[in-house]
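Colleague:
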Ligand code: GLN
């Protein structure tokens with residue numbers, strides 16, 4: 008099978024770094040700015056940047072509703088920092104009227120680590136990521152303040168003032184981190200996401216072959232009538 012095609016939402020933020028990280032883990036990576044480009048990808052990265060700007064640009068470029076529809080349709084999406092905010096159903100300390108794509112049943116707090124500490128770095132152990140903890144770079148980062156029952160917590164801050172705060176989550180095909188693995192050269196989060204995208208793409212091909220759709224995977228082959 009050819010490598011999965013992973014888009015990076017290229018409205019604003021650190022798009023280039025994600026394209027490079029995705030390419031380095033063997034995915035085919037493209038910029039996504041328009042609905043037609045979104046329709047072509049097997050997965051999407053929503054980069055770090057500034058969620059308020061990104062949300063405004065998504066509304067103005069007519070991308071917000073297609074992005075919401077893609078998430079509802081089961082597209083794998085990984086959001087990093089501002090991207091995590093974009094995937095959250097609820098944003099605390101949002102600007103007035105701030106829109107999100109949503110889909111992740113979490114409440115995230117923007118700029119949660121406090122104004123004094125704009126950025127900091129730390130080691131975060133991530134579920135599903137083998138080997139040593141991930142070196143996590145936080146830049147005016149959010150954290151997850153509440154997570155719904157379907158949300159799997161992948162990682163928390165250990166030690167310091169933010170001890171125990173949730174900084175990595177997964178719900179179905181949506182993955183989000185408060186931090187920026189694309190800035191560290193540690194490609195394990197991108198590798199994990201590319202694997203998820205590959206699995207989802209293979210599932211889609213299987214569903215198409217058997218005449219099923221998204222969600223039809225639960226019907227076993229023996230139960231066709
Ligand atoms: N503070 C930013 C926001 O609210 C996120 C920062 C980042 O992506 N590094 O969107």
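In my numbering, the protein residues as written are 8 to 232.
Every residue, glycine too, gets a C-beta built ideally from N, C-alpha and C.
#1: Could you name the residues of the same chain whose beta carbon sits closer than 8 angstroms to that of residue 153, not counting the 5 residues immediately before and after it, in chain order?
#2: In its own chain, which residues sit with a C-beta less than 6 angstroms from the C-beta of residue 184, not counting the 5 before and 5 after it?
#3: For residue 224 and residue 21, what's the separation of their Cα atoms in angstroms?
#4: At what residues does the alpha helix (DSSP H) containing residue 22 begin and finish?
#5: Use the C-beta contact count for residue 139: other C-beta atoms within 10 angstroms, 16 or more gives buried, fewer gives exposed.
#6: Are residue 99 and residue 116 touching if we call contact CB-CB under 8 angstroms?
#7: Closest to residue 32 by C-alpha separation, out of 39, 10, 17, 18, would be which residue?
#8: Spell out the partners DSSP gives residue 142 in its beta bridges.
#9: Tell me which residues share the same chain as residue 66 and place their Cβ nearer than 8 angstroms to its Cβ, disregarding the 5 neighbours each side in the sequence.
#10: Are residue 52 and residue 29 touching if we call contact CB-CB under 8 angstroms?
#11: Between which two residues does the alpha helix (DSSP H) containing residue 215 stretch?
Modeller: Taking the coordinates as given:
#1: One-based indexing of the chain shown puts residue 153 at position 146. Excluding sequence neighbours, residue 153 sits near 97, 113, 114.
#2: Walking along the chain shown from the start, residue 184 turns up at place 177. Around residue 184: 87, 175.
#3: Here residue 224 refers to the residue found at position 217 of the chain shown. Here residue 21 refers to the residue found at position 14 of the chain shown. Low confidence applies here, because residue 224 scores a pLDDT of 45, under 50, leaving its location unreliable; read the following figure in that light. The alpha-carbon atoms of residue 224 and residue 21 are separated by roughly 35 angstroms.
#4: The count along the chain shown starts at 1 and reaches residue 22 at position 15. 22-31 is the span of the alpha helix (DSSP H), which, as asked, contains residue 22.
#5: For the purposes of this step, residue 139 is identified with residue 132 of the chain shown, where counting begins at 1. With fewer than 16 Cβ atoms within 10 Å of its Cβ, residue 139 is classed as exposed.
#6: Along the chain shown, read from residue 1 onward, the residue named residue 99 stands at position 92. Along the chain shown, read from residue 1 onward, the residue named residue 116 stands at position 109. Yes. Within cutoff.
#7: In the chain shown, the residue the question calls residue 32 occupies position 25. It is 10.
#8: Position 135 of the chain shown holds residue 142. DSSP, once it has assigned bridges, lists 130 as partnering residue 142.
#9: Counting from 1 along the chain shown, the entry for residue 66 is found at position 59. Answer for residue 66: 106, listed in chain order.
#10: Position 45 of the chain shown holds residue 52. Position 22 of the chain shown holds residue 29. Yes.
#11: To locate residue 215, count along the chain shown from 1; it is residue 208. Per DSSP, residue 215 belongs to the alpha helix (DSSP H) from 195-216.
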